[in-house]
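Chains as they are written, first to last, in the working numbering: chain A, 1 to 234; chain B, 235 to 468. Report on the following structure.
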């Protein structure tokens, strides 16, 4: 019987058909098993699922749902082993320094997938990048990501030396002033409450132009504006 | 003694110094009272607060915090009477049709304030636009908004007839193709799960260009991309 999720576990889970199909699509070898609620056996979702998963991975159990599911309307839970990858050197990277909110983490993964970023560096300490809440917020995009954790930004940079753009409220340069680059780059974002320390300023720091009426933007909001802009610079 | 928040109450609250100052700045007449934790009496935040609020509005009580606060690190709770406004006809509007997530609602308010939108129409049924969770996600931006609820989009349009851009995955036109307009406009977004019904298509529908790898964007994400783009069209 599966237990309630804890951070130290070597597995996590995703709830609902859509993200479970994402798990099967991108990370089939990470699949541990799939719990299906008995009342879902005759649904189109389950029929489709049973076509792509071997039967010995499927467990019919209403008990698992009473214990695990966060919302009442999910009929499937995909349990998966946590994974960690090396980033792809020849891609653009997103770097999150000490992100503290699981919802933001998942939301950023979803935006990354939407705008063609697949490589995510996370500088610890950070929110649990595999918690069911993160997975849910990602809508399954987490399975399409390469995610690598680092003890420090310096360690990241020594492994993946490159041009990087730190997003800092202190910067004088606005997002709209940025010109297209052909280099591999990283977009770097700080913690929700504290942002990036001054030490990150490197001549490429960017501030997203915003009214003086707000303290700052939400982290996931700042990240998606940056991603969309960088993918659309002319 | 204040009670745990319920949707039917005529008041709600905000936790933490920053959003409480936003309440005092934008909605001083909506203030009911402020609870302050006894251990915060000697903090700079409280000193600043005591300079701008009359003493009879301040209640020292640790009990209120045990009962109300969502996170352990807040030392002040601003209780306010809910408000409703008419929108400003001569401004641009954001229209949310049946939004279901309080976090998204608050997050969108925060982005609105960041990019100069102050007028928010909400088509019911919707998530509680005054719940403490919404208020928290808005970081106090809610107090700077004019918010008006409507029973239907038709009712909104009959009150505020204008050019409107519905955001729909079905649309053929990408965000980047949109040209600057001098008319007053509304940006219209549907429910998180279901989007806007086909009936909204009006020749101005917009799709945010995204990879085929994601189902859709998060609502707050789509909204902020639209807002940023519209404020920066040349």
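We put the beta carbon where it would ideally sit given N, CA and C, even for glycine. Quick caveat: nothing in here was measured; it's all calculated off a predicted structure.
Could you work out which residue in the options is closest to residue i when comparing CA atoms only?
{"i": "residue 320 (chain B)", "options": "B:466, B:394, B:448", "result": "B:394"}
{"i": "residue 58 (chain A)", "options": "A:35, A:79, A:74", "result": "A:35"}
{"i": "residue 420 (chain B)", "options": "B:452, B:254, B:351", "result": "B:351"}
{"i": "residue 468 (chain B)", "options": "B:458, B:414, B:249, B:436", "result": "B:414"}
{"i": "residue 39 (chain A)", "options": "A:218, A:194, A:76, A:219", "result": "A:76"}
{"i": "residue 423 (chain B)", "options": "B:327, B:411, B:286, B:254", "result": "B:327"}
{"i": "residue 82 (chain A)", "options": "A:193, A:201, A:7, A:204", "result": "A:7"}
{"i": "residue 123 (chain A)", "options": "A:95, A:107, A:131, A:91", "result": "A:95"}
{"i": "residue 361 (chain B)", "options": "B:383, B:346, B:347", "result": "B:383"}
{"i": "residue 333 (chain B)", "options": "B:441, B:243, B:427", "result": "B:427"}
{"i": "residue 32 (chain A)", "options": "A:9, A:202, A:41", "result": "A:9"}
{"i": "residue 237 (chain B)", "options": "B:283, B:385, B:297, B:375", "result": "B:297"}
{"i": "residue 331 (chain B)", "options": "B:389, B:412, B:442, B:404", "result": "B:389"}
{"i": "residue 213 (chain A)", "options": "B:261, B:438, B:336, B:344", "result": "B:344"}
{"i": "residue 90 (chain A)", "options": "A:183, A:206, A:25", "result": "A:183"}
{"i": "residue 248 (chain B)", "options": "B:284, B:294, B:299", "result": "B:299"}
{"i": "residue 363 (chain B)", "options": "B:405, B:318, B:392", "result": "B:318"}
{"i": "residue 28 (chain A)", "options": "A:54, A:41, A:16, A:48", "result": "A:54"}
{"i": "residue 379 (chain B)", "options": "B:410, B:353, B:391", "result": "B:353"}
{"i": "residue 175 (chain A)", "options": "B:463, B:450, B:286", "result": "B:463"}
{"i": "residue 37 (chain A)", "options": "A:52, A:11, A:78", "result": "A:78"}
{"i": "residue 444 (chain B)", "options": "B:322, B:250, B:404", "result": "B:404"}
{"i": "residue 370 (chain B)", "options": "B:449, B:250, B:294", "result": "B:250"}
{"i": "residue 5 (chain A)", "options": "A:25, A:26, A:48, A:134", "result": "A:134"}
{"i": "residue 147 (chain A)", "options": "A:49, A:88, A:195, A:216", "result": "A:88"}
{"i": "residue 412 (chain B)", "options": "B:290, B:438, B:285, B:456", "result": "B:438"}
{"i": "residue 456 (chain B)", "options": "B:425, B:432, B:431", "result": "B:425"}
Contact defined as beta carbons within less than 8 Å: I believe residue i pairs with residue j. What is the distance between those atoms, to the nearest angstrom?
{"i": "residue 115 (chain A)", "j": "residue 227 (chain A)", "result": "5 Å"}
{"i": "residue 30 (chain A)", "j": "residue 80 (chain A)", "result": "4 Å"}
{"i": "residue 466 (chain B)", "j": "residue 107 (chain A)", "result": "That pair is no contact at about 22 Å."}
{"i": "residue 113 (chain A)", "j": "residue 141 (chain A)", "result": "4 Å"}
{"i": "residue 407 (chain B)", "j": "residue 440 (chain B)", "result": "6 Å"}
{"i": "residue 402 (chain B)", "j": "residue 377 (chain B)", "result": "Contact doesn't hold; Cβ gap of about 31 Å is too wide."}
{"i": "residue 215 (chain A)", "j": "residue 252 (chain B)", "result": "6 Å"}
Does residue i pass the burial test, meaning 16 or more other C-beta atoms within 10 Å, or should it be called exposed?
{"i": "residue 454 (chain B)", "result": "buried"}
{"i": "residue 166 (chain A)", "result": "buried"}
{"i": "residue 44 (chain A)", "result": "exposed"}
{"i": "residue 125 (chain A)", "result": "exposed"}
{"i": "residue 459 (chain B)", "result": "buried"}
{"i": "residue 254 (chain B)", "result": "buried"}
{"i": "residue 121 (chain A)", "result": "buried"}
{"i": "residue 22 (chain A)", "result": "buried"}
{"i": "residue 366 (chain B)", "result": "buried"}
{"i": "residue 74 (chain A)", "result": "buried"}
{"i": "residue 436 (chain B)", "result": "exposed"}
{"i": "residue 397 (chain B)", "result": "exposed"}
{"i": "residue 102 (chain A)", "result": "buried"}
{"i": "residue 42 (chain A)", "result": "exposed"}
{"i": "residue 280 (chain B)", "result": "buried"}
{"i": "residue 246 (chain B)", "result": "buried"}
Taking the continuous alpha helix (DSSP H) assigned at residue i, which residues delimit it?
{"i": "residue 235 (chain A)", "result": "For chain A, the structure presents residues 1 to 234; residue 235 (chain A) sits outside this window and is missing."}
{"i": "residue 458 (chain B)", "result": "453 to 466"}
{"i": "residue 132 (chain A)", "result": "132 to 138"}
{"i": "residue 251 (chain B)", "result": "251 to 260"}
How would you write the range of the beta strand (DSSP E) that residue i sits in, first residue to last?
{"i": "residue 382 (chain B)", "result": "380 to 384"}
{"i": "residue 103 (chain A)", "result": "Counting along the chain, residue 103 (chain A) falls outside any beta strand (DSSP E), though it belongs to the alpha helix (DSSP H) covering 102 to 114."}
{"i": "residue 154 (chain A)", "result": "It is not in any beta strand (DSSP E) - residue 154 (chain A) instead sits in the alpha helix (DSSP H) that spans 153 to 159."}
{"i": "residue 399 (chain B)", "result": "397 to 400"}
{"i": "residue 403 (chain B)", "result": "Careful: residue 403 (chain B) lies outside any beta strand (DSSP E) and carries neither H nor E."}
{"i": "residue 96 (chain A)", "result": "93 to 97"}
{"i": "residue 123 (chain A)", "result": "119 to 123"}
{"i": "residue 293 (chain B)", "result": "292 to 294"}
{"i": "residue 187 (chain A)", "result": "185 to 189"}
{"i": "residue 268 (chain B)", "result": "265 to 270"}
{"i": "residue 314 (chain B)", "result": "310 to 315"}
Step through the CB atoms of chain E and report whether any lies within less than 7 Å of the CB of residue i.
{"i": "residue 214 (chain A)", "result": "The structure shown contains no chain E; its protein chains are A and B."}
If you measure beta-carbon to beta-carbon, which residues of the stretch 106 to 133 of chain A are closer than 7 Å to chain B? Here the close residues are 107, 110, 111, 113, 114, 115, 116.
Which residues of the stretch 186 to 212 of chain A have a Cβ closer than 7 Å to any Cβ of chain B? Give them in chain order. Contact residues of the stretch 186 to 212 of chain A toward chain B are 210, 211 (C-beta to C-beta distance below 7 Å).
Can you give me, in chain order, the residues of the stretch 4 to 33 of chain A that have a beta carbon less than 8 Å from any beta carbon in chain B? Cβ contacts with chain B: 18.
Between the stretch 135 to 158 of chain A and chain B, which residues of the former have a C-beta closer than 9 Å to a C-beta of the latter? Correct list: 137, 139, 140, 141, 144.
Which residues, taken in chain order from the stretch 34 to 54 of chain A, show a beta carbon closer than 7 Å to some beta carbon of chain B? Going along the stretch 34 to 54 of chain A in chain order, one finds no residue with a Cβ nearer than 7 Å to chain B.
The stretch 403 to 417 of chain B: positions lying closer than 8 Å to chain A by Cβ: Residues are counted here when their Cβ sits less than 8 Å from a Cβ of chain A; for the stretch 403 to 417 of chain B these are 410, given in chain order.
Return the residues of the stretch 452 to 465 of chain B that lie within a Cβ-Cβ distance of less than 8 Å from chain A, sorted by chain order. For the stretch 452 to 465 of chain B, which is checked against every Cβ of chain A, the residues closer than 8 Å are 452, 454, 455, 458, 459, 462.
Tell me which residues of the stretch 311 to 339 of chain B have at least one Cβ-Cβ distance to chain A shorter than 9 Å, keeping chain order. When CB distances to chain A are screened at a threshold of 9 Å, the residues of the stretch 311 to 339 of chain B falling below it are 337, in chain order.
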